[in-house]
Each structure stands twice: as C-alpha cells, then as structure tokens.
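Number of protein chains: 2
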Amino acid sequence: MAETNAENTGNATTPRERYRAQVREEIKKHAWEQIATAGASALSLNAIAKQMGLSGPALYRYFANRDQLITELVRDAYRSLADAFLASARADGDLADLAHALRRWALDDPQRYLLVYGTPVPGYQAPEDTTGIAGEIMAVLLDACTAAGATTDDERLDERLDAHLAEHSAWAGDHPAPPSALRHALTVWTRLHGVLSLELAGHFTGMGFDPALLYAAETATLTGR
Amino acid sequence: MAETNAENTGNATTPRERYRAQVREEIKKHAWEQIATAGASALSLNAIAKQMGLSGPALYRYFANRDQLITELVRDAYRSLADAFLASARADGDLADLAHALRRWALDDPQRYLLVYGTPVPGYQAPEDTTGIAGEIMAVLLDACTAAGATTDDERLDERLDAHLAEHSAWAGDHPAPPSALRHALTVWTRLHGVLSLELAGHFTGMGFDPALLYAAETATLTGR
DNA sequence: TGTTTTCGTTAGAAGTTATAACGCTCGGCT
DNA sequence: AGCCGAGCGTTATAACTTCTAACGAAAACA
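First to last, the protein sequences are chains S and D. Heads up, the first sequence is in my numbering, so the first residue is -6 and it goes up one at a time. Heads up, the second sequence is in my numbering, so the first residue is -6 and it goes up one at a time.
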C-alpha cells in the first residue's frame, strides 16, 4: 500500500518493478522499429504484442493507451536529443558542432526527428517534463549562441525583433543571454529545422542536389563562415 | 463503352458526370473540415459518409480508398498554393509579397499546409501531377529570386554550393535562373518553411513571442531588408 | 419500351483500440 | 515454510476502422 509511486525513478528496487521496466523498454524498442519503417501513424499495439509473443490487451498493463506510449516515445526522443546536445557542449563544441550534432541525430533516425518536430495532432499538448527537456536543449543552444556572440551578427537592424524578444524572453528561463543571442538561437533553430525537415520529409528527393551542402551553407552563414 | 475517360477534365458533360463531380467535391469538403479539426491522420471515410447521410461503402464509388482521397486533397492543396503564388506574381509581387502570400496561405488553414509539407508516410511517393504543380510553385519562386537578384546577396563565398547547384539544376526545369538564384530560392523555401512549420506545429506556443515578427525578420534578411 | 451502366444499399471479413472478467503466478509478509 | 494478495496474461466483447462482395433500384441511353 505504501510506496506505490512506481515509474518515478529509473532504477528499480523490487524485482516486480525491474521486470516491469524491462518489459516497458522492450515494448518501446519494438515501437521504435515499427515507427522507423512505417511511421508513427501506423504504430499498432496489437502488432507489437504479437511480435513479443503476447496477446493484445497485455500491453495495457504497461501503457494506459496508445497515446501515452507515443508520448513516452516523444519524451525519450527529446531526452536523446538533449543528451546529444549536452555531449557536444561538454566536448567544448561550438555552434557549428551543435548544428552538426543535430543533423547526425536527425539522420540517425529520421522518424524520431519527425516524431518530435513533425506534424502533431491538433489538440496535442506536450506534458510538463518534455517541455522541461526542450528547455535543456534551448539552454545549450543559447549557450552556444552567447559564446558565438558578436562575431556573427550579419543581420543588422533587427532592433525591433530584439526588443520584442527582450520583452518576451520567459522561454529562455533565467538564461543570461543578450537579446541578440535569443534572436540568434531562434534563427538557428528555425533555419536548421527548415532544411532538415524538408529533407527528411522527402521534399528534396528527385531534385538531384545534395541536402548536406545546403545544410552546410546554412550553418556557415549562421556561424559567421 | 467509348469515352470512359472521366475525371480528366473538370468541366463535366453528361449529367452523370456532373453529379459525380459534385458528390466528389462534397466529400472533399467534409474531409477538409475533418482534417482542420482533427488532423489528417484522424480522417475517417465512415464519418464523412455519415455526415452526408450515406452509408459507409458508398464513398468507394468516388474514391478507390482512403489514401487516394488524401492524395487528391494534397493535390488540391498544392494547386491552391500555386494559384496563390501565381496571383501574387500577376499582381507584380516581389519576393517579399510572395513570402507574405505564403504565410497567409499557411495560416488560412494550418492543417492544409501541414498536409503538404508535414510528416509523410515513409513509403509515400507523390504522383506525377503534384510534382508538376510543385514545379509551378518553384518557377514563381525562381522568377522572384531572379528579379531580386544581385540586390540581396549577403551570403558570400557560397561558390561551392552554387557550383553544385549549377551541376544539379534539373529540378528548376528549363528556368533561366543563375546559380545564385537557385541557391537563393532554396534558401527562401527552407527558411520560411522553418519558421512556418514550427509555428504551425505549435512549437512556439507558450514561448510568448510573436512568430510573425520572426517570420518578418527572415523575409527581411532574404529580401535585402 | 427495353438495356445497360451506375449508384447506394446491406452483409461481412479483417483489422484496430480499449475494457471487463477470469485465472495463474510470483513476491512479500507473517 | 506457508499463505495470500497484488500484479500479469489470458479470453471475450464492444465499438470502431477500411474495404470487398453481392444485390436491388434508379437513371441514362438506344
């Protein structure tokens, strides 16, 4: 009766919780494989159960419903990207390294990127912890942009946007970044996402050119050559 | 027996074809309403039939399956964007006007934009005619970029990308745009899409700032202030 | 007036998510 | 050691979905 708050910590205590965590991970593993080949919209709980030798409703002991499973996958994907960013930052990576890490992370599993940054269900609201992880990601980006700082401001007369962002900088948490760095971080985010998402969605296929060069050109302008 | 090639021309001749075209349009109308509220993944043929007072399988007289209906909606969406671009071009619109038209078209029906530029099903291949319409859109963009031309090249030392695009410019058709305009068109496309897609996907919600200002800043740098 | 094409129907198969109720098994506590 | 309850996996079932097949009716055509 007491201590019924399971699934809080990753480290399991009782053997029951250890088994439970293990099965949950296996479910997610199969879910990722299915998503990688058929996309998130085609994810089938029944198919996962069949692959695991279980019968249908057994999975509902581990995930309340399909949406909660997907939500957890999104959370894990966010966590994975945040870890990649933090690793780059710990290795003294600059903004260019961060951009490179982002592209590697995206190409490593395109559907994972699209699950996070692709088309959401209209009413979907991300849970609190994922927005927290998104904050971590943004913090690393803000660090890099603050460090890159004055070297790369080829966009002048953005005082209007800078002023606006200075007024609305709650999203940056308590990060001590100047308004120009806030603007720069947003610009990095949107520009890299612009190239990546179109590439991963297949809108460049058949056009012949190499998306990597386009991405490199964008990172070059963003990091000041 | 003869003349069985219906659905080719939009202008119907026989009353049967007129009725058929009318029902198809009504189906698509309900489909768009459903997509606007619940997204494309939640589109249900059964629900559409019920709304129209029909019973389930009746719709299969008009669309071979769910995927073909969605494909046609994508085609119509492409057509709509192309028309918006052509209208802007006919009104002597420059690159800034084109960017503005794109944003209006996107915000007018976010799910329509996401249906075209959002996450696709992994195996999906766009049919021939939609790629043709995409070519129209790109042609208008290339016109505007060629006209804007030398005024706005704040990105120097992109000779590597320019050379690459000069080699792989089949996607531009036979458009007489210089390599720098090809690069500029791609940059416009990816940067505007970067801001728009993140905005429409709701990744800016809760961050407080106004996405319109971010979009305006990008168009400003793209059009040379 | 007949004939043929087309349309909408119901019936049904094969899926899906999700709930309910039933045992069995394993783990913790006495 | 032994019990006993919590948790797990099962089947059955409901309510969905897409999509096919077969039938009847209505409309267009000759």
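Beta carbons are placed, not taken as given, at the ideal position from N, Cα and C, and that holds for glycine. A quick note: this is a predicted structure, and the numbers were derived from the prediction, not measured.
{"Asked": "Beta-carbon spacing of residue 159 (chain S), residue 172 (chain S) below 8 Å", "Found": "yes"}
{"Asked": "Residues near residue 176 (chain S) in its chain [Cβ-Cβ closer than 7 Å; skip 5 each side]", "Found": "151, 154, 155 and 158"}
{"Asked": "Nearest-angstrom Cα separation, counted from residue 178 (chain D) out to residue 84 (chain S)", "Found": "36 Å"}
{"Asked": "As assigned by DSSP and simplified to three states, the class of residue 16 (chain S)", "Found": "helix"}
{"Asked": "Residue range of the unbroken alpha helix (DSSP H) whose run includes residue 155 (chain D)", "Found": "152 to 160"}
{"Asked": "Residue-chain proximity (residue 154 (chain D), chain S), Cβ-Cβ < 8 Å", "Found": "yes"}
{"Asked": "Anticipated Cβ contact below 8 Å, residue 16 (chain S) with residue 78 (chain S), distance rounded", "Found": "Incorrect: roughly 30 Å between the Cβ atoms, too far for contact."}
{"Asked": "Interface partners of residue 200 (chain S) on chain D, CB under 7 Å", "Found": "164"}
{"Asked": "Contact residues within the region 171 to 189 of chain S, judged by C-beta distance below 7 Å to chain D", "Found": "179, 183, 184, 186, 187 and 188"}
{"Asked": "Contact under 8 Å by Cβ, residue 33 (chain S) with residue 100 (chain S)", "Found": "no"}
{"Asked": "Opening and closing residue of the alpha helix (DSSP H) in which residue 51 (chain S) lies", "Found": "Taken as a continuous stretch (DSSP letters only), residue 51 (chain S) belongs to no alpha helix (DSSP H), as it is neither H nor E."}
{"Asked": "Beta carbon of residue 174 (chain D) nearer than 8 Å to that of residue 142 (chain D)", "Found": "yes"}
{"Asked": "Three-pair Cβ contact test at 8 Å for the region 58 to 72 of chain D versus the region 66 to 73 of chain S", "Found": "no"}
{"Asked": "Interface flag, residue 203 (chain D) vs chain S, CB-CB below 8 Å", "Found": "yes"}
{"Asked": "Distance between residue 130 (chain S) and residue 13 (chain S) (C-alpha atoms, nearest Å)", "Found": "30 Å"}
{"Asked": "Distance between beta carbons of residue 63 (chain S) and residue 223 (chain S), contact taken as under 8 Å", "Found": "As shown, chain S starts at -6 and ends at 218. That puts residue 223 (chain S) outside it, with no answer to give."}
{"Asked": "Backbone secondary structure at residue 174 (chain S) - three-state DSSP", "Found": "helix"}
{"Asked": "Environment of residue 117 (chain D) [buried if 16+ CB atoms lie within 10 Å]", "Found": "exposed"}
{"Asked": "Backbone secondary structure at residue 201 (chain D) - three-state DSSP", "Found": "coil"}
{"Asked": "Simplified DSSP assignment, three categories, for residue 196 (chain D)", "Found": "coil"}
{"Asked": "C-alpha gap between residue 94 (chain D) and residue 206 (chain D), whole angstroms", "Found": "15 Å"}
{"Asked": "For residue 7 (chain D) and residue 19 (chain D), the rounded distance between their alpha carbons", "Found": "19 Å"}
{"Asked": "Cross-chain neighbours of residue 151 (chain S) in chain D, by beta carbon under 9 Å", "Found": "210, 213 and 214"}
{"Asked": "Outcome for residue 208 (chain S) when other beta-carbon atoms lying within 10 angstroms are tallied against a minimum of 16", "Found": "buried"}
{"Asked": "Proximity below 8 Å, CB of residue 184 (chain D) to CB of residue 215 (chain D)", "Found": "yes"}
{"Asked": "Backbone secondary structure at residue 39 (chain D) - three-state DSSP", "Found": "helix"}
{"Asked": "Under the three-state DSSP convention, the category residue 145 (chain D) falls into", "Found": "Residue confidence is low: residue 145 (chain D) scores 47 on pLDDT, short of 50, so the model does not pin down where it sits. Its coordinate-derived value is still stated next. In the structure shown, residue 145 (chain D) sits in a helix (DSSP, three-state: H, G or I)."}
{"Asked": "Residues within the region 23 to 35 of chain S neighbouring chain D, beta-carbon criterion of under 7 Å", "Found": "30, 31, 32 and 34"}
{"Asked": "Chain-ordered neighbours of residue 114 (chain S) on chain D, where CB pairs are closer than 8 Å", "Found": "31, 32, 34 and 35"}
{"Asked": "Cβ-based neighbour list, residue 27 (chain D), same chain, cut-off 8 Å, excluding 5 preceding and 5 following", "Found": "35, 36, 37, 40 and 41"}
{"Asked": "Against chain S: residues of the region 63 to 84 of chain D by CB proximity under 7 Å", "Found": "none"}
{"Asked": "Residues near residue 146 (chain S) in its chain [Cβ-Cβ closer than 7 Å; skip 5 each side]", "Found": "Note that residue 146 (chain S) scores 46 on pLDDT, short of 50, meaning its location in the model is unreliable; the coordinates nonetheless yield the value given after this. Excluding positions up to five away in sequence, the list reads 173."}
{"Asked": "Residue 94 (chain S) at chain D interface by Cβ criterion, 8 Å", "Found": "no"}
{"Asked": "is_contact[residue 134 (chain S), chain D] using C-beta, thresh 8 Å", "Found": "no"}
{"Asked": "Residue-level contact to chain D via CB, residue 38 (chain S), 8 Å cutoff", "Found": "no"}
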